[in-house]
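Structure first, then comments.
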Amino acid sequence: MDSFLQSQIFFFISSIGFVILGIMAGIFLFYLIRAMNTFNRIMDKIEKDIEKIGDTTKEMIEDLKGSFIFNFLFRKKRRTRKE
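In the working numbering, the protein residues as written are -2 to 80.
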């Protein structure tokens, strides 16, 4: 075999390898993008739930502070004036 034929075979095989590598990289990126979209949707749902929990907690604290028992147990101390 002469060197020209060997170089043609080498470039043919390497071209096939790069095409296969490019296809595999494309498939990997496709699944990576899908996974990131799924992760983004999950994070959005978590943020909405956290906001709901925060609102509910604020309402519970306001109800607790307005209750008679809370005011009885934790009444504000009056400051005495020094004369």
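Even for Gly, the Cβ is constructed at its ideal location relative to N, Cα and C.
Just how far apart, CA to CA, sit residue i and residue j?
i, j, result
"ILE58", "PHE67", "11 Å"
"ARG72", "ASP60", "15 Å"
"SER11", "ASN34", "34 Å"
"GLY23", "PHE36", "20 Å"
"LYS30", "VAL16", "The residue asked about is misnamed: residue 30 is Ile in this sequence, not Lys. Each residue's alpha carbon lies about 21 Å from the other."
"GLN5", "ASP(-1)", "10 Å"
Give the range of the alpha helix (DSSP H) segment to which residue i is assigned.
i, result
"SER64", "Premise fails: SER64 is in no alpha helix (DSSP H) and is neither H nor E."
May I ask you to report which of helix, strand or coil DSSP gives residue i?
i, result
"ARG72", "coil"
"MET(-2)", "coil"
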